[in-house]
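S.K.: Residue numbers (this note's numbering): 4 to 123. Backbone N, C-alpha and C fix where the C-beta goes; we use that ideal spot for every residue, glycine too. Quick caveat: nothing in here was measured; it's all calculated off a predicted structure.
1. Verify whether the separation of the beta carbon atoms of residue 107 and residue 63 is less than 9 Å.
2. What whole-angstrom Cβ distance do residue 70 and residue 114 have, given they're in contact under 8 Å?
3. I believe residue 89 touches residue 96 by the beta-carbon criterion, under 8 Å. Please report the beta-carbon distance rounded to the nearest angstrom.
4. Can you tell me the Cα-Cα spacing of residue 34 and residue 18, whole angstroms?
5. Based on Cα-Cα distance, which residue from 109, 85 and 116 lies nearest to residue 98?
6. Consult DSSP for residue 64 and reduce its assignment to one of helix, strand or coil.
7. Among the residues of its own chain, which have a CB less than 6 Å from the CB of residue 30, if the five just before and after it don't count?
8. Could you check how far apart the C-beta atoms of residue 67 and residue 24 are, in whole angstroms? I think they sit under 8 Å.
9. DSSP on residue 76, reduced to helix/strand/coil?
10. Just to confirm the assignment, what range does the alpha helix (DSSP H) spanning residue 114 have?
11. Alpha carbon to alpha carbon, what distance is there between residue 37 and residue 16?
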């Protein structure tokens, strides 16, 4: 009898080797042309200053982009298992997913009204 967690551990090991190997290979093989812009701290497109402009507040666009990522990420994470077991969930699954979609529409509409989908 083999342990059922062995394939998961092997997969995690392979993923770690690939991730660390990619980072290591890019550090060794990649170009090393540094300039002033690359060495500066980058904060959401705003040039860093010693004193925060406008009292240190970020534009609302920063938060709206983060919110849109979270909305769609959560939506996909919950809809995929539902789609896989759609036949077994029957009417309970349909009602649960419609309730979830109704609830996830609230932040979507909020972001839409605040201009989160307008690229200026």
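M.R.: The relevant details are as follows:
1. no
2. 6 Å
3. 6 Å
4. 25 Å
5. 85
6. helix
7. none
8. Actually they are not in contact, since the Cβ atoms of residue 67 and residue 24 sit about 36 Å apart, beyond 8 Å.
9. helix
10. 89–117
11. 33 Å
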